[in-house]
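Participant:
In our numbering, the protein residues as written are 25 to 598.
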């Protein structure tokens, strides 16, 4: 056998590689699966990262009008703040860590701009504004400030105030009083209590001079007049109904507390119906006492009048006309010793005058106070007109001979005692026509209502927890599936031991390439083709294909090499 060594470049193209990449040795289907697995795993990793980076959203503003909401959205876009709407579209949501910052920045821009304007209108006065415009702006500003104050109530969503302020004039004797109207929009499911409505009336009336709460009207979005607190008297208002319910519940609780120690808890049912009189009445009575003695009665006024009349000769004109006849009348003095002396003096004067006909008259009028009594009676509202009480008492429960419970009625004496206690507890009055009815009957046992156990998979807390955990572990499970189905087979194929390029491959090639020596050889045997290992470092694609062919079909390779050694053409053996 001769061993042949060659360094022919033509023979170098058929040299075998010293080492082959494991990935290159994998079949095409395995390579495709491995690539798809890597891509899918990358997609899952990116999706998990994006999902973990999603922010926690919080409400920025809620129930904004369309115009204000559009302005807020435009400003958020300029500030590069992400936002989204809720399902109903009534709220604007932003990331939780940006809520406070966004609100402050929007407030600096004057957003959301409210439709209600207050006294800031007075700051925009232009030069040359008339008195009418100033008065109108003041009224609009006052309306806006009142609306803002009313909107601060928890139940009020929006408020509008209209003021009717007449122009005061000094030429009118009767001045017109101002009035106001308030339109309220309440939140769904919210109502205003009586005290809150009274507060709104007082707030508006106190803000306008000469306005009383009776001149303020409050209406809600449904057109219901809220300021009519007293009503028209045709039906009971809320306050009266609450007062009646409070009386009935108080009397019912008294009966339960009184009879529970006797018959036991749960063995009594009581109901009280109260007829309340809410009518308002007022009576005025005026009486006069009989005449009293003048000395005992009080003097109201006194008038005294005195007159003197005379037609005697002394008063007649006479004598020579001139200064001597024009003499003043004689001096008249009042009597000192009373009317009797005056009368006597007058009589003596008359007699002294010799029947001249002079008379004196004196009158005295005295008014005394009349003893009068005025009595005003106002009936108290909310008095009990009639009570109707119904009490149901359970029968006694005793055990029979067979051990079962048996219902035993109460004795008549026990029933009378219970009825007497009930009358004392409610303040029974036969004059009012109150009625009390006590009945003894066996109560029907109510079946125990057991709340059905909610299965674990239907429990809302469990479902919510499962959703959260499912989102977290779903990506992990998907990644494991991709690794097991695509990546793992590729890794196993790459870990298979490849034949050594210098030992196993050469030995197999030597075995396949040992051919009989040509004629003329000194030694019988086969000729061996030696391959220079240094020439296998730079394999071409053809060389790699030849190596693969030698591995898969060594017989064909041996035939080709034999033909090369013999110098024959494989395509033309002849």
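Ideal Cβ placement from N, Cα and C applies to all residues, glycine included.
As the structure is a computational prediction, the values presented were derived from the model and not from experiment.
Use the C-beta contact count for residue 265: other C-beta atoms within 10 angstroms, 16 or more gives buried, fewer gives exposed.
Facilitator: Residue 265 is exposed by the Cβ-count criterion.
Participant: Terminal residues of the continuous alpha helix (DSSP H) containing residue 173?
Facilitator: It spans 155 to 175 - the alpha helix (DSSP H) in which residue 173 sits, taken as one unbroken run.
Participant: Terminal residues of the continuous alpha helix (DSSP H) containing residue 440?
Facilitator: Start and end: 436 to 450.
Participant: So, with DSSP's three-state summary, where would you put residue 414?
Facilitator: Here residue 414 sits in strand by DSSP.
Participant: If we require 3 or more residues per run, which beta strand (DSSP E) segments fall completely within the stretch 198 to 267?
Facilitator: Here the runs fully enclosed are 203 to 210 and 240 to 243.
Participant: Say whether the stretch 290 to 300 touches the stretch 267 to 274, bearing in mind that this needs 3 or more beta-carbon pairs closer than 8 Å, one atom from each stretch.
Facilitator: Yes: the two stretches touch, three or more of their Cβ pairs being nearer than 8 Å.
Participant: Using the DSSP secondary-structure output, state which residues sit across from residue 392 in a beta bridge.
Facilitator: Looking at the DSSP assignment, residue 392 forms a beta bridge with 323.
Participant: Pull the bridge partners of residue 568 from the DSSP assignment, please.
Facilitator: DSSP output for residue 568 lists no bridge partner at all.
Participant: Select from 291, 240, 513 and 123 the residue whose C-alpha is nearest the C-alpha of residue 189.
Facilitator: Comparing Cα positions, the closest option is 240.
Participant: Considering just the uninterrupted stretch of the beta strand (DSSP E) at residue 185, what are its terminal residues?
Facilitator: Run containing residue 185: 180 to 188, per the beta strand (DSSP E) assignment.
Participant: Going by DSSP, name the residue or residues bridged to residue 588.
Facilitator: DSSP, once it has assigned bridges, lists no residue as partnering residue 588.
Participant: Taking Cβ positions, are residue 86 and residue 115 nearer each other than 7 Å?
Facilitator: Result yes, Cβ atoms of residue 86 and residue 115 sit closer than 7 Å.
Participant: Short of 7 Å in beta carbon distance, which residues of its chain neighbour residue 231, apart from the five on each side in sequence? Order them along the chain.
Facilitator: Around residue 231: 166 and 170.
Participant: Using DSSP's beta-bridge definition, name the partner residues of residue 431.
Facilitator: BP columns for residue 431 point to 421.
Participant: Helix, strand or coil for residue 308 per DSSP?
Facilitator: Strand.
Participant: Just reading off the alpha helix (DSSP H) that residue 301 is part of, what are its end residues?
Facilitator: Per DSSP, residue 301 belongs to no alpha helix (DSSP H); it is in the beta strand (DSSP E), 292 to 301.
Participant: Looking only at C-alpha atoms, which of 285, 479, 446 and 467 sits nearest to residue 433?
Facilitator: Cα-wise, what sits closest to residue 433 is 467.
Participant: Just to confirm, is the Cβ distance from residue 278 to residue 449 under 7 Å?
Facilitator: Closer than 7 Å, so yes.
Participant: Secondary structure at residue 580, three-state DSSP: helix, strand or coil?
Facilitator: Reduced to three states, the DSSP call for residue 580 is helix.
Participant: For residue 401, collect the residues of the same chain with a Cβ closer than 6 Å to its Cβ; drop the 5 residues on either side in sequence, then sort them by chain order.
Facilitator: Around residue 401: 307.
Participant: Could you tell me the alpha carbon to alpha carbon distance between residue 151 and residue 100, rounded to whole angstroms?
Facilitator: Using only the alpha carbons, I get a separation of about 37 Å.
Participant: When DSSP builds the beta bridges, which residues end up paired with residue 81?
Facilitator: Per DSSP, 119.
Participant: What residue range is occupied by the uninterrupted beta strand (DSSP E) comprising residue 460?
Facilitator: Run containing residue 460: 459 to 465, per the beta strand (DSSP E) assignment.
Participant: Looking at C-beta atoms only, is the number of pairs between the stretch 425 to 441 and the stretch 379 to 398 that lie closer than 8 Å three or more?
Facilitator: The stretch 425 to 441 is not in contact with the stretch 379 to 398.
Participant: So residue 484 is in the alpha helix (DSSP H); what residue range does that whole segment cover?
Facilitator: Run containing residue 484: 484 to 506, per the alpha helix (DSSP H) assignment.
Participant: What does the alpha-carbon distance come out to for the pair residue 57 and residue 580?
Facilitator: Their backbone Cα atoms lie some 32 Å apart in a straight line.
Participant: Which residues share a DSSP beta bridge with residue 575?
Facilitator: Paired residue(s): none; residue 575 is not in a bridge.
Participant: If contacts are defined as beta-carbon pairs under 8 Å, then residue 399 and residue 309 qualify, I think. What distance do you get, rounded to the angstrom?
Facilitator: Right, their Cβ atoms sit about 4 Å apart.
Participant: In the DSSP output, which residue or residues are listed as bridge partners for residue 400?
Facilitator: For residue 400, which the question treats as bridged, DSSP gives the partners 308.
Participant: Can you tell me which of the three DSSP states residue 509 falls into?
Facilitator: Reduced to three states, the DSSP call for residue 509 is helix.
Participant: Among 572, 584 and 501, whose alpha-carbon lies nearest the alpha-carbon of residue 72?
Facilitator: It is 501 whose Cα lies nearest to the Cα of residue 72.
Participant: Between which two residues does the alpha helix (DSSP H) holding residue 102 run?
Facilitator: 90 to 102 is the span of the alpha helix (DSSP H), which, as asked, contains residue 102.
Participant: Go through its chain and collect everything with a Cβ distance to residue 205's Cβ below 6 Å, but skip five positions before and after it.
Facilitator: Once the five neighbours on either side are set aside, the close Cβ partners of residue 205 are 186 and 241.
Participant: CB residue 75 to CB residue 117, shorter than 7 Å?
Facilitator: Cβ distance not < 7 Å, so residue 75 and residue 117 don't count as in contact.
Participant: Buried or exposed for residue 292, going by 16 or more other Cβ atoms inside 10 Å?
Facilitator: Residue 292 should be labelled buried.
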